[in-house]
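Engineer:
Residue numbers (my numbering): 921 to 1048.
#1: Measuring straight from C-alpha to C-alpha, what distance separates residue 1000 and residue 976?
#2: Where in the region 932-965 do unbroken runs of the beta strand (DSSP E), each at least 3 residues long, occur, reported from the N-terminal end onward?
#3: Please determine, among 944, 1020 and 1028, the residue with the shortest C-alpha to C-alpha distance to residue 962.
#4: Using DSSP bridges, identify the partner residues of residue 1008.
#5: Could you work out which residue in 967, 998, 955 and 1024 is closest to residue 942 when comparing CA atoms only?
#6: Just to confirm the assignment, what range does the beta strand (DSSP E) spanning residue 1026 have?
#7: With DSSP run on the structure shown, which of helix, strand or coil describes residue 990?
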């Protein structure tokens, strides 16, 4: 991904997309920072998918596409109490990656693959 800086300059940000069948409703963006290590952002897979087609999201994560064809770009605006980041990446690459996640766990099977009891236990115990 590329970070859009204030003067309009693009800065490459090493990023890894992660999807786990054990957590089928979520996707993770893992940003590699030489000082802090991996910095994760977790949000809904459906939000990412919706953002590939039209402006989507409110609050911490906003996603929208621009352009057409091979030049199409996906924009992600990530906000936190510490600041915000406007990132861009290839729309077609994200769409391809999303297709692979839906092959792994189709939308109709998300809740079947979700281990709610384990997640609830972790939440109630305050563990990640």
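Here a beta-carbon is modelled for each residue, glycine too, at the ideal position from N, C-alpha and C. Given the structure is predicted, the values throughout are model-derived calculations rather than measurements.
Structural biologist: Judging by the given coordinates:
#1: By one-based count along the chain shown, residue 1000 stands at place 80. By one-based count along the chain shown, residue 976 stands at place 56. If you draw a straight line from the Cα of residue 1000 to the Cα of residue 976, it comes to about 17 Å.
#2: Restricting attention to beta strand (DSSP E) runs no shorter than 3 residues, the region 932-965 encloses them at 935-938, 946-953 and 957-964, ordered along the chain.
#3: For the purposes of this step, residue 962 is identified with residue 42 of the chain shown, where counting begins at 1. Here the closest residue by C-alpha is 944.
#4: In the chain shown, residue 1008 corresponds to position 88, counting from 1. Residue pairing for residue 1008: DSSP places it in a beta bridge opposite 922 and 995.
#5: Residue numbering aside, residue 942 sits at position 22 when the chain shown is read from its first letter. Answer by Cα proximity: 1024.
#6: In the chain shown, residue 1026 corresponds to position 106, counting from 1. For residue 1026, there is no enclosing beta strand (DSSP E), as DSSP gives it neither H nor E.
#7: Your numbering for residue 990 matches position 70 in the chain shown. Three-state result, residue 990: helix.
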